[in-house]
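Going letter by letter, the sequence shown gives residues 1321 to 1459 in the working numbering. Take a look at the structure below.
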Amino acid sequence: MLKKPLLIILAFTLITAAAVFAGNKALSLMSSAPENGAEDVAVDSAIILGFSSNVVNMKISENNRECFLLIDAEGTEIESEVYLPDDQMEPENKRTITLTPTAPLFPGTEYAVVISADLIAKNGNALGSEIIIKFTTAE
């Protein structure tokens, strides 16, 4: 008789713990196009960044929009638009942020995307350290 209530309590505890810990996974960059070190990148390419958690939710979008810089080799900021999709309308893209330069990049030039350590996920976890992705455009 005592076994059944104990099993129910144990099952409930495990389910609750799994739900709590699943929502608290660390934020990390999972993919980038172009990849770090890429060469011969088209001058009109958008930069697509994939993360491990939701980084576009409206509660965090204002903060996250300010966490991206596109710079040239001299450190000059290149004007670009940061696109964060609506995670309610496009839930499949809730982990994707796209940077699009407002003008074509110069050929044969090194650029870098700087992602601030302040980037946060919907679950509250921050990236924690700056990430730099370097690439060179095609001649």
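The beta carbon of each residue, even a glycine, is placed where N, CA and C say it ideally should be.
Residue range of the alpha helix (DSSP H) that includes residue i
i	result
Ser1381	Ser1381 to Arg1385
Residues that residue i bridges to, as DSSP identifies them
i	result
Ile1417	Leu1369
Glu1397	Ile1391
Glu1430	Thr1456
Val1465	The displayed coordinates of the chain run from 1321 to 1459. Any statement about residue 1465 would go beyond what the structure contains.
Ala1446	Ile1440
Pairwise C-alpha distance: residue j and residue i
i	j	result
Ser1436	Ile1452	9 Å
Ser1348	Asp1364	26 Å
Lys1414	Asp1407	5 Å
Gly1428	Asp1360	8 Å
Gly1448	Asp1438	7 Å
Ile1380	Phe1388	14 Å
Gly1357	Glu1430	10 Å
Ala1393	Ala1441	29 Å
Bounding residues of the beta strand (DSSP E) (the contiguous stretch that carries residue i)
i	result
Leu1425	Here Leu1425 belongs to no beta strand (DSSP E), and DSSP marks it neither H nor E.
Glu1359	Ala1358 to Val1361
Ser1351	Leu1349 to Ala1353
Within-7 Å CB hit, residue i to chain B
i	result
Thr1416	No chain B is part of this structure, which consists of one protein chain only.
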